[in-house]
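> Numbers given in my numbering equal positions in the sequence shown, counted from 1, plus 422. Here a beta-carbon is modelled for each residue, glycine too, at the ideal position from N, C-alpha and C.
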Amino acid sequence: MNSELFRFIRVSRRLTQREYAKMLVVSHGLVAQIEAGFKPLTSRTAEKVRLAFDLTDEELAEIKRVLKVVYTKAD
């Protein structure tokens, strides 16, 4: 999982950064810094996202594929 996928999961569920942080039991500042690329997304935080939204590895891979297509077409 990278910062783009981290942000996409939040935005696609129409959550604010504060709501997302509360669900993940992390600070709002950490969410903002990860999304802005100032802090790396740790495997621990990525796992919190996966568990909070009950995402399988296959679902995450599919989301990544879709994002890649979207960003490729945007160029």
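#1: Could you check how far apart the C-beta atoms of ALA458 and LEU452 are, in whole angstroms? I think they sit under 8 Å.
#2: Where VAL488 and ALA474 are concerned, what is the direct C-alpha to C-alpha distance, given to the nearest angstrom?
#3: Taking the alpha helix (DSSP H) that LYS470 belongs to, which residues open and close that run?
From the atom records:
#1: Not quite, the Cβ-Cβ distance comes to about 11 Å (not below 8 Å), so this is no contact.
#2: 21 Å
#3: 465-474
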